[in-house]
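Trainee:
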Amino acid sequence: MVIIACGLPATNKTETTEVIARIKGYTMLRTDIIRREVLKDEDIFDEKVASDMDKRKLVYDTMFSRADGLASRGAGMILDATFITQSLRRRAAEVAARHGRTLLIQQTSCSQKYSLDKISRRTKDSYESNALTPDAYLNNKKKFEPVDLDDLKRAYPSLSVVHLLVETESDSEDGWYVIGKTVR
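Heads up, the sequence shown is in this note's numbering, so the first residue is 344 and it goes up one at a time.
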């Protein structure tokens, strides 16, 4: 299975997928970690760097290359990123389809206030994410495209796709719950 975390910054994408990884034993590929490797000579916390779609594409390219390698070895994986555009989700679908895997999209959802409060507690020194300001959240919110399962099925007709919408307005996994499920 190929699982992608999808959602705005500070919506508990990493936290929810860490639970899945622990239960399923899947490898996690996190753009927050990959970004530090790929853009090691840049200030990843700078707003211009963080919102640069070309730099974001480079990070995702690296993640998809690694995901393809894992899938070719039969490993289950979680791709932990914002996946704010449908084209990025389509690339994850391509990896899943090429290897005959189901694609599970776990979209996290919580209030803007919750996310901004969480972001306000982040620092460069103690956090891996480069979403450290309200602007980082709002820039992603402006660019976020709705999940389109029909688009994925048109591109990959034999692909099995599951979309879960998960309410994550809690710092505890006991407070997270599925509020929507669509299977194609």
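Ideal Cβ positions, reconstructed from N, Cα and C, are used throughout, including at glycine.
Using a threshold of 8 Å, is the CB atom of G518 nearer than that to any non-hydrogen atom of the ligand PLP?
Mentor: The model on display carries no ligand, and the ligand PLP is accordingly not part of it.
Trainee: Taking 8 Å as the threshold, find out whether the stretch 503 to 511 comes into contact with the stretch 449 to 469 through three or more Cβ pairs.
Mentor: In short, these stretches touch, since the Cβ pair count reaches three.
Trainee: Are the stretch 483 to 499 and the stretch 384 to 392 touching by the rule of at least three beta carbon pairs closer than 8 Å?
Mentor: At 8 Å Cβ cutoff, the stretches do not touch.
Trainee: Quick one: grab the DSSP three-state call for V531.
Mentor: This structure cannot speak to residue 531, because the chain is shown only from 344 to 527.
Trainee: In chain order, what residues of the same chain have a beta carbon less than 8 Å from the beta carbon of E516, not counting five sequence neighbours either side?
Mentor: Within the sequence shown, the letter at position 173 stands for residue 516. Only E358, T359 and V362 meet the Cβ criterion.
Trainee: The alpha helix (DSSP H) with T374 in it runs from where to where?
Mentor: If you number the sequence shown from 1, residue 374 lands on position 31. Where T374 is concerned, the enclosing alpha helix (DSSP H) stretches over T374 to V381.
Trainee: For Y295, which of G443, Y520, R465 and P477 has the nearest alpha-carbon?
Mentor: No answer is possible for residue 295: it lies beyond the span of the chain, which begins at 344 and ends at 527.
Trainee: Could you tell me the alpha carbon to alpha carbon distance between G419 and L372, rounded to whole angstroms?
Mentor: Position 76 of the sequence shown holds residue 419. Position 29 of the sequence shown holds residue 372. Their backbone Cα atoms lie some 11 Å apart in a straight line.
Trainee: Measure from the alpha carbon of A424 to the alpha carbon of each residue in Q449, N482 and S415, then state which is nearest.
Mentor: Mapped onto the sequence shown, residue 424 falls at position 81. Here the closest residue by C-alpha is Q449.
Trainee: Just checking my contact of K485 with T428 at CB under 8 Å: how many whole Å lie between their CB atoms?
Mentor: To locate residue 485, count along the sequence shown from 1; it is residue 142. To locate residue 428, count along the sequence shown from 1; it is residue 85. No, K485 and T428 are not in contact; Cβ-Cβ is about 12 Å, not under 8 Å.
Trainee: Strictly by DSSP, which residues pair up with T525?
Mentor: Translated into positions along the sequence shown, residue 525 becomes position 182. Per DSSP, H506.
Trainee: For the alpha helix (DSSP H) that S458 lies in, which residues bound it at each end?
Mentor: Looking up residue 458 in the sequence shown gives position 115. Taken as a continuous stretch (DSSP letters only), the alpha helix (DSSP H) holding S458 covers Q455 to S463.
Trainee: Taking the straight line between their C-alpha atoms, what separation do you get for K400 and R409?
Mentor: Counting from 1 along the sequence shown, the entry for residue 400 is found at position 57. Counting from 1 along the sequence shown, the entry for residue 409 is found at position 66. When rounded, the distance between both Cα atoms is 14 Å.
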